[in-house]
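Throughout the sequence shown, residue numbering follows the working numbering, covering 370 to 650 in sequence.
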Amino acid sequence: MISRHRLGLGLSRTAVYAVFTFFAMLAVVPIYLMLINATRSTEAIQQGLSLLPGNQIAHNWKALTNRGFNITRGFFNSAFIALATTAVAVYFSAMTAYGLHVFQFRGKKVLWSVILVVIMVPPQLGLIGFYRMMAQLKLLDSFVPLILPAMASPATVLFIRQYLKSVLSLELVEAARMDGASEFRIFNTIVTPVIAPAMATMAIFSFVGSWNNFITPYILLSDKDKYTLPMLVQLLRTDIYRTEYGGIYLGIAVSIVPILVFYAFMSRHIIAGITIGGVKE
Numbered sequence: 370m371i372s373r374h375r376l377g378l379g380l381s382r383t384a385v386y387a388v389f390t391f392f393a394m395l396a397v398v399p400i401y402l403m404l405i406n407a408t409r410s411t412e413a414i415q416q417g418l419s420l421l422p423g424n425q426i427a428h429n430w431k432a433l434t435n436r437g438f439n440i441t442r443g444f445f446n447s448a449f450i451a452l453a454t455t456a457v458a459v460y461f462s463a464m465t466a467y468g469l470h471v472f473q474f475r476g477k478k479v480l481w482s483v484i485l486v487v488i489m490v491p492p493q494l495g496l497i498g499f500y501r502m503m504a505q506l507k508l509l510d511s512f513v514p515l516i517l518p519a520m521a522s523p524a525t526v527l528f529i530r531q532y533l534k535s536v537l538s539l540e541l542v543e544a545a546r547m548d549g550a551s552e553f554r555i556f557n558t559i560v561t562p563v564i565a566p567a568m569a570t571m572a573i574f575s576f577v578g579s580w581n582n583f584i585t586p587y588i589l590l591s592d593k594d595k596y597t598l599p600m601l602v603q604l605l606r607t608d609i610y611r612t613e614y615g616g617i618y619l620g621i622a623v624s625i626v627p628i629l630v631f632y633a634f635m636s637r638h639i640i641a642g643i644t645i646g647g648v649k650e
């Protein structure tokens, strides 16, 4: 009887490992093929898939950089926009979530309903109106409209508010108020460390979304010196004589490096917060 039970546990564990391995392969294989294609020539890529790297990475790098634009400048443009957007989105969304969780005011439920409705509206629907508004404000061809609108991030507000409801004690806030602390000091010194794992999680999503954003910078920016990295990689497809697929794959490979670095840095805060929460009495 015991052996049958152990056999059943072993089979179920094997099935779980098989499913996890399958999903891991789905995530890893496309990245591996992208890195392989970054080392192959355009002709080899057009012939079919290969699991072995090529020797054309130097040629692909020349194709990526010798097209009349500065790929390094585009890299730093993307980094600046992504980091600024992430900081603005996470901090002000956390502040909004704190206000919705702690304060009681008229219209609170209506405001929360509006936030939930906005989450369900595709952002592409407002691109035309957003472009016209930026044109009237004379903010076209600027990084400002790519960064400041991130202050209103309804999905981040939703996530952090739900996290606040599970970890923040209102008695702690009341005690800080009785000690004479201002609301900004309470938020910055007491609440922020408590919700650091949630902020780190949303920082990852915000950074990745901003880094990979193509359509909004494409609509607003016209100066090539202000182009982001995805926009510059896209320019490799506009050559009417030849499309350098090797250079495109190399550009995509270069563009995911900051995402991996940022994720590795922020994931430590997520794991640390989960660990602290797991041993909290």
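All C-beta atoms, glycine included, are put in the ideal place defined by N, C-alpha and C.
field: Nearest candidate by alpha-carbon position, reference L452, set L404, Y500 and L517
entry: Here residue 452 refers to the residue found at position 83 when the sequence shown is read from its first residue. The residue with the shortest Cα to Cα distance from L452 is L517.
- prompt: For the 8 Å Cβ check, are there 3 or more pairs between the region 564-579 and the region 455-462?
  reply: Yes, the region 564-579 touches the region 455-462.
message: Using only the alpha-carbon positions, how far apart do S624 and K593 sit?
response: Along the sequence shown, one-based indexing puts residue 624 at 255. Along the sequence shown, one-based indexing puts residue 593 at 224. Taking the Cα positions, S624 is about 18 Å away from K593.
- request: Tell me the start and end of each unbroken alpha helix (DSSP H) in the region 383-464 that is at least 4 residues and wholly inside, in chain order.
  value: Counting only runs that start and end inside the region 383-464, the alpha helix (DSSP H) elements of at least 4 residues fall at 411-416 and 426-434.
field: Sufficient close CB pairs (3 or more, under 8 Å) joining the region 521-541 to the region 561-569
entry: Touching, per the Cβ criterion.
- prompt: Out of curiosity, what's the CA-to-CA distance linking V630 and R475?
  reply: Against the sequence shown, residue 630 aligns to sequence position 261. Against the sequence shown, residue 475 aligns to sequence position 106. V630 and R475 have their C-alpha atoms some 43 Å from each other.
task: May I ask you to report which of helix, strand or coil DSSP gives G549?
output: By 1-based counting over the sequence shown, the position of residue 549 is 180. If DSSP states are grouped into helix, strand and coil, G549 belongs with coil.
message: So the candidates are L515, R637 and Y467; which of them puts its Cα closest to the Cα of I584?
response: On the sequence shown, position 215 is the one that residue 584 refers to. It is L515 whose Cα lies nearest to the Cα of I584.
message: Taking 7 Å as the limit between beta carbons, can you name the residues of its chain near Y632, skipping five residues before and five after?
response: Indexing the sequence shown from 1 puts residue 632 at position 263. Answer for Y632: I573, listed in chain order.
query: Given that a residue counts as buried once 16 or more other Cβ atoms are within 10 Å of its Cβ, and exposed if not, what is I529?
result: By one-based count along the sequence shown, residue 529 stands at place 160. With 16 or more Cβ atoms within 10 Å of its Cβ, I529 is classed as buried.
query: Do you know whose CA, among M464, P399 and V398, lies nearest S522's CA?
result: As a first step, residue 522 must be located in the sequence shown, where it is residue number 153. The residue with the shortest Cα to Cα distance from S522 is M464.
message: Which of the three DSSP states is assigned to A521 in this structure?
response: Counting from one through the sequence shown, the residue named residue 521 turns up at place 152. In the three-state reduction of the DSSP assignment, A521 falls in the coil class.
query: How big is the Cα-Cα spacing for A396 and T390?
result: Sequence index remark: in the sequence shown, residue 396 carries index 27 (1-based). Sequence index remark: in the sequence shown, residue 390 carries index 21 (1-based). Straight-line spacing of the CA atoms in A396 and T390 works out to 10 Å.
message: Tell me the rounded alpha-carbon separation between A432 and L590.
response: To locate residue 432, count along the sequence shown from 1; it is residue 63. To locate residue 590, count along the sequence shown from 1; it is residue 221. Just so you know, the alpha carbons of A432 and L590 end up roughly 23 Å apart.
field: Nearest-angstrom Cα separation, counted from L619 out to E613
entry: As a first step, residue 613 is located in the sequence shown; it is residue number 244 there, counting from the start. As a first step, residue 619 is located in the sequence shown; it is residue number 250 there, counting from the start. Computed Cα separation, rounded: 10 Å.
Candidates N406, E543, Y532 and N429, of which the one nearest F472 by Cα: Reading the sequence shown from its first residue, position 103 is the one you call residue 472. It is E543.
- prompt: Applying the criterion that 16 or more other CB atoms from any shown protein chain within 10 Å of the CB defines a buried residue, is G498 buried or exposed?
  reply: Within the sequence shown, numbered from 1, the residue matching residue 498 stands at position 129. In summary, G498 is exposed, with fewer than 16 beta-carbon neighbours lying within 10 Å of its beta-carbon over all protein chains present.
- prompt: Whose C-alpha, out of Y532, N439 and V398, is nearest the C-alpha of S419?
  reply: As a position in the sequence shown, residue 419 is number 50, starting the count at 1. When Y532, N439 and V398 are compared, the shortest CA-CA separation from S419 is found for V398.
field: C-beta contact flag for I559 and F512 at 7 Å
entry: Along the sequence shown, one-based indexing puts residue 559 at 190. Along the sequence shown, one-based indexing puts residue 512 at 143. No, the Cβ-Cβ distance between I559 and F512 is not below 7 Å.
task: Identify whether T612 lies in helix, strand or coil by the three-state DSSP scheme.
output: Numbered from its first residue, the sequence shown carries residue 612 at position 243. Here T612 sits in coil by DSSP.
field: Contact check, G443 vs Y596, beta carbons under 7 Å
entry: For the purposes of this step, residue 443 is identified with residue 74 of the sequence shown, where counting begins at 1. For the purposes of this step, residue 596 is identified with residue 227 of the sequence shown, where counting begins at 1. Contact flag set, yes.
field: Neighbourhood of I414 by C-beta distance below 6 Å, restricted to the same chain and skipping five residues each side
entry: Locating residue 414 in the sequence shown gives position 45, counting from the first residue. Only N406 and Y614 meet the Cβ criterion.
field: Local conformation of Q505 per DSSP, three classes
entry: Within the sequence shown, residue 505 is the residue found at index 136, counting from 1. Three-state DSSP puts Q505 in a helix.
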